[in-house]
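Report on the structure given below.
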Amino acid sequence: MRSTSTDGDAMFLTFREHVKKLLTEALGQCEYPSSDLALTVKPGYADLTSLIAFKLAPVLKLAPQEIARNVTQHLGSDELVARAEASGPYVNFFVSDDYLRRTLSAVLEEDQNYGRVDAEGVVILEHTSANPNGPLHIGHVRNSVIGDTLARCLRQAGYRVETQYYVNNMGRQIALVVWGIMNFELNGQRKSDHATADIYVKANADVEVHPTKLGEIRQLMQRFESGDRDVACLFKDAVEFCLRGINQTLKSLHVSHDRYVWESEFLDDIDGIIDELKSHGVAESDGSTHVDLSSFGIGKDLVVRRSDGTSVYATRDIAYHVWKAGRCNRMIDVLGADHKLNALQVGKVLELLSINAPEVVFFEFVSLPEGSMSTRRGHFVSADEVLEKVTEKAYDEVDKRRPTLSEQEKRAIAQAVGIGATRYDLLKVSTDKPMVFDWTEALDFERQGGPFLQYAHARASNILKKTTFDYQYEPELLTDEYEIKLIKLCAQFPAVIEDVTVNLSVSVLASYARELAEAFNQFYRFMPVLSAEPEMRSARLALVTCARVVLRNVLNCLGIEPVDSM
RNA sequence: GGGCUCGUAGCCUAGUCAGGAUAGGGCACCGGCCUCCUAAGCCGGCGGUCGAGGGUUCAAAUCCCUCCGGGUCCGCCA
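Per this note's numbering, the very first residue in the first sequence carries number 3; after that it's consecutive.
Structure (structure tokens):
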């Protein structure tokens, strides 16, 4: 069954375009001025609503109700827009049967590509970028999961995405690790990132008691920047050692980076950038070199080179962004909210260099009930620890519900469910909300969390594996409210993906996933599939197939494994 | 002290950028549903001065101002 659509397969977006066209035509016939169409979605009333009567009322000096009535009388319909009706001041639009039919065929045809919108070009998305001085903690994971999910959505939309991990390999923190490795014994039994943290905590404590040792740290940093090969090797080894462990954790979270970019690679670019800033007349020298950003409302000058001639983090970060900007159409960073000022400064300097500032997604901190986390003091809940406990809990749940499954199957499901629950918990909350990590909450699989979504997918899979669907079906048989609701939600998916990629907000995807799973569970409860009459059975099998495709695509975008059984 | 940000039922949270029809969910609590495709599910109930006070508007959780409370930033650190 091939789609005959010429408008693309994002049915809801196409429907919206049709509404715009019809509404604009109606305005012309009424001889009303063109205006903001003010389209909005308000489920329960209509598939799309225009508030245009409110907008025109003051201009026309007419009651909104009257305007809505007049507009509606002149509104035509087409193959996707079945009808429009005025409800008081609101102009409500309703989708046609053809809309539903085409949604089904679009999903079936597009399959894993369903959700694609016309997004083109290359996106470089930087996320995680944690200092390699210890394991990722639950706060870093919030960054990773947001970044990874955005990357997945951008890819689904049609972008070519390169994810990057910016490795801070030349700071004081890494120098402390290197110094620590030289002075303390590394525990070879521990996972490498945890062993690194042990050393880092010890080094910090030691330096605090013996401040004179700070000179050794400073010396290490200077030798590294001045190009000392032996020291560079020590730094490189220490960073790679820790990164191995971090990478392992990311992998188990279904997070991957296409490229690790080392901070030290940009040392050579710094002179050129500072020269260019001078030629713009904004860099002044009085020992150090600094940029006046007061015209951007930033009171303090940004130092771009120390008076001793060494580079600073900010300048290396600027160089990194200059490099990235030349290689992509969209440059996106996922950063903790504590980086807001830094990011603003980097962005403004880039603008001075005639380069667009990156789009930055900020997220607020994850803290512990007893306060904020600190790698330095060893106060943190590591991602590994969370995953281990959550997976263990998930195993208990599987074991309880599906005692007959093989050990291997139980383990696999527990792994998928544990990670899904963790990722979803971090994604569902708006990024500008601080979170408090709580073990009880993390281990309590909420009713409409990750497992809820996976369960809906598993149920769909379960129906489909009991039969074969031959793609012959009569879509007009699907008229029940639960069926219609499910189809309409399937139709929304590309619009949701577009929303995510435009606004860079992952929580809307999380909400959508929850609604879709809920709609499927309702359908599952009230609409028998396998036991239905042959024609109805085929039609519902088509819908189950569609729902499963969309559920699977949503779960993939969320980085949650769509399991077939749980 | 200044900047940024958050404050929605006992607890957690969507919606706020682009103001509009009964403020969506979840946890907890109460009551139903497994001779029926996996009950990690479905249905119903209880619970809201959208931090407080002003303002703008035909219309404010949403915009503006003040205040209160939490977070965070304000290094020639990274």
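Cβ coordinates follow ideal geometry from the N, Cα and C atoms, glycine included.
Query	Result
Rounded to whole angstroms, what's the CA-CA distance from LEU15 to ALA199? Just pull it up for me.	49 Å
Counting pairs of Cβ atoms below 8 Å between the segment 188-204 and the segment 252-260, do you hit three or more?	no
Would a C-beta distance cut-off of 9 Å place ASP566 and HIS459 closer than the cut-off?	yes
Please name the residue or residues paired with MET570 in a DSSP beta bridge.	In this structure the chain extends from 3 to 568, so residue 570 is not present and cannot be described.
Excluding sequence positions up to five away, which residues of its chain have a Cβ less than 8 Å from the Cβ of ALA132?	LEU138, HIS142, ASN145 and ILE248
Taking LEU41 and GLY78 to be in contact with their CB atoms under 8 Å, please state how far apart those CB atoms are, rounded to whole angstroms.	Contact doesn't hold; Cβ gap of about 17 Å is too wide.
Rounded to whole angstroms, what's the CA-CA distance from LEU553 to PHE528? Just pull it up for me.	19 Å
Can you tell me where the alpha helix (DSSP H) with HIS292 in it begins and where it stops?	Where HIS292 is concerned, there is no enclosing alpha helix (DSSP H), although the beta strand (DSSP E) it sits in stretches over 290-293.
Which runs of the beta strand (DSSP E), 3 residues or longer, sit entirely within the segment 63-122?	83-89 and 92-97
Under the assumption that ASN555 contacts GLN221 (Cβ atoms under 8 Å), give the Cβ distance between them as a whole number of angstroms.	Not confirmed; about 54 Å, so no contact.
Could you check what DSSP says for GLU164 in three-state terms: helix, strand or coil?	strand
Looking at ALA541 and LEU455, is the spacing between their C-beta atoms short of 9 Å?	no
From GLU476 to LEU346, what does the alpha carbon distance come to, in whole angstroms?	56 Å
Are three or more beta carbon pairs between the segment 181-196 and the segment 328-346 nearer than 8 Å?	no
Tell me the rounded alpha-carbon separation between GLU218 and ARG246.	27 Å
So ILE140 packs on VAL383, CB below 8 Å; how close in whole Å?	5 Å
How would you label VAL313, buried or exposed, when you count the other beta carbons within 10 angstroms and need 16 or more for buried?	In the sequence as presented, Val is not what sits at residue 313; that position holds Ser. Classification for SER313: buried.
What does the Cβ neighbour count give for LEU29, buried or exposed, with the cut at 16 atoms within 10 Å?	buried
Which two residues bound the contiguous alpha helix (DSSP H) that contains ILE176?	174-185
For HIS323 and TYR34, I'd like the C-alpha separation in whole angstroms.	49 Å
So the beta strand (DSSP E) SER567 belongs to, where does it begin and stop?	Element bounds for SER567: n/a, residue is neither H nor E.
Taking contact to mean 3 or more Cβ pairs, one atom from each stretch, closer than 8 Å, check whether the segment 281-298 and the segment 92-104 are in contact.	no
Quick one: measure Cβ to Cβ for CYS559 and THR105, integer angstroms, because I've assumed they're closer than 8 Å.	Not really, about 19 Å apart at Cβ, beyond 8 Å.
Only counting the same chain, and skipping five residues up and downstream in sequence, which positions put a Cβ closer than 6 Å to that of ARG378?	ASN206
Let me confirm a value: ASP239 is counted as buried when at least 16 other C-beta atoms fall within 10 Å, else exposed. Which label applies?	exposed
Measuring only the C-alpha atoms, how far is ASN171 from ALA462?	47 Å
Determine the DSSP secondary structure at ARG404, reduced to helix, strand or coil.	coil
Are the Cβ atoms of ILE275 and LEU343 separated by less than 9 Å?	no
Just tell me which of THR74, MET13, THR251 and TRP325 has its CA closest to the CA of LEU269.	TRP325
For SER107, is the classification buried or exposed, using 16 other Cβ atoms within 10 angstroms of its Cβ as the cut-off for buried?	buried
Let me make sure I understand the geometry here. Which of THR214, GLU387 and VAL209 has the alpha-carbon closest to that of PHE439?	GLU387
Going by C-alpha distance, which of GLU227, LEU518 and ALA359 is nearest ASP486?	Sequence inspection shows Ile at residue 486; the Asp mentioned does not correspond to that position. Looking at the Cα atoms, LEU518 is the closest of the given residues.
How is THR481 classed by DSSP in three states: helix, strand or coil?	coil
Please report the residue range of the alpha helix (DSSP H) in which ASP273 lies.	272-281
Measuring only the C-alpha atoms, how far is SER7 from ARG85?	Any reading at SER7 needs caution, since the residue's pLDDT is 39, under 50, leaving its predicted position unreliable; the model's value is listed next. So the two alpha carbons sit approximately 20 Å from each other.
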